[in-house]
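Working notes, structure below.
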Amino acid sequence: MIQKDHRTDCLRGLVGHGPHNIQRTDLFGKGSGGCNDLFDRSGYRLELTPLGRRVYLQSLRVLTEAADLSQLVRHFERGNEEKVVLAVDDNSDLDLLVPSFRKLQQAYPETRVALRTEILSGTIKMIKDGEADIAIAPMLPIILEEEEFDFMPISQSTMHNVAAPSLVEAMCSATKISDLRRYHQILVSDSGDSEGMFDREFGVQKGQRRWYVSDLHMKKKLLLEGLGWGRLPKHLIADDLAAGRLVDIELQFSHFLLHLEYFAFRLSEAANGPVASAIWDNLQQLSAPLNPNEAMRHATPKQKFR
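Numbering (our numbering), first residue to last: -14 to 291.
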């Protein structure tokens, strides 16, 4: 009624024609319990009183909430998950993943998505324990094969062994990797169980001075401040390398560049719902297999590239 131009339109749109309907509409504007009228009838056009305006605005909110509730019910009637958990390794390039996340949010706005940041074996533990639907991490295919996961390659990156220019200058007398033992190596602690191939510290020599941090951003901060040296992914430090804030450590006969391949993986026997399946499909579209021959060599009936 409020959105009509005048009372005649209100009557025609809501209650039809006739004197009895006019009387019914007049009574509708009366507040119950001695409240003031909702409508000002002094003019030809139907106007709201201050109280009526307040009731009107509240009604619009209620109607919107009712529409949202209906949408929510329809969402779950289709079998969509209430919540999906993604375990993402801290080394992952989020710029590559955001387009997939945006598609997911637009297609399934009612499903809650939890992004869990993990380190090293943490993503594997999340999947094995059933605490995550899909994981994304740099990984060796042989590990994913042994776990009998479904997996597919989605991207690749390079880990650089770097330090601040001041520390690299102090290392100028170093000629081999063992000469770096006296300089603190900054390491990120494993968030998983550190079992199997993860039951060791990669790239750490015996007697090495070391500090441990819980995430890459803290590690990067310590490296920028000259408090140690260590590996970081290229996408995280590209600007710092270009600006000279960090410098590659280069020693003869030492291989400091580490090439990584990132995979999406999940339990092969898991009953994936529509949302988790859509995430998997979006990740597959993110990047074709980087090396088709290698991808086919690793593909088995339990490792479907879907």
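The beta carbon of each residue, even a glycine, is placed where N, CA and C say it ideally should be.
Check                                                                                                                                     : Outcome
Residue 151, buried or exposed, once every other Cβ within 10 Å from all chains shown has been counted against 16                         : exposed
Same chain, Cβ closer than 6 angstroms to residue 32, neighbours up to 5 away in sequence not counted                                     : 25
Inter-residue CB distance, residue 247 and residue 138 (contact presumed, cutoff 8 angstroms)                                             : 7 angstroms
Start and end residues, alpha helix (DSSP H) containing residue 87                                                                        : 79 to 92
Chain-order list of residues whose beta-carbon lies under 8 angstroms from that of residue 141 (same chain, five-residue window excluded) : 244, 245, 246, 247, 275
Residue burial classification, residue 110 (beta-carbon count within 10 angstroms, cutoff 16)                                             : buried
Residue 146, enclosing beta strand (DSSP E) - first and last residue                                                                      : 134 to 148
Proximal residues to residue 108 (C-beta, below 6 angstroms), its chain only, five neighbours per side dropped                            : 72, 74, 120, 122
Contact belief for residue 196 with residue 171 at Cβ below 8 angstroms, rounded distance in angstroms                                    : 5 angstroms
Residue 187, buried or exposed, once every other Cβ within 10 Å from all chains shown has been counted against 16                         : exposed
Cβ contact (3+ pairs, closer than 8 angstroms) linking the stretch 219 to 237 and the stretch 154 to 167                                  : yes
Buried or exposed (CB count within 10 angstroms, at least 16 for buried), residue 67                                                      : exposed
heavy atom of the ligand SAH below 8 angstroms from residue 107 C-beta                                                                    : Judged by which ligands are present, the structure shown has none, so any question about the ligand SAH falls away.
Distance between residue 251 and residue 135 (C-alpha atoms, nearest Å)                                                                   : 5 angstroms
Backbone secondary structure at residue 217 - three-state DSSP                                                                            : strand
Neighbourhood of residue 231 by C-beta distance below 6 angstroms, restricted to the same chain and skipping five residues each side      : 147, 222, 225
Alpha-carbon spacing of residue 115 relative to residue 36, whole angstroms                                                               : 54 angstroms
Separation of residue 117 from residue 215, as counted between CA atoms                                                                   : 29 angstroms
Contacting residues, own chain, Cβ-Cβ under 7 angstroms from residue 190 (five flanking each side not counted)                            : 162, 163, 166
Residues of its chain near residue 143, where Cβ-Cβ distance is below 8 angstroms and the 5 sequence neighbours each way are ignored      : 218, 219, 242, 243, 244, 245
Residue range of the unbroken beta strand (DSSP E) whose run includes residue 244                                                         : 243 to 252
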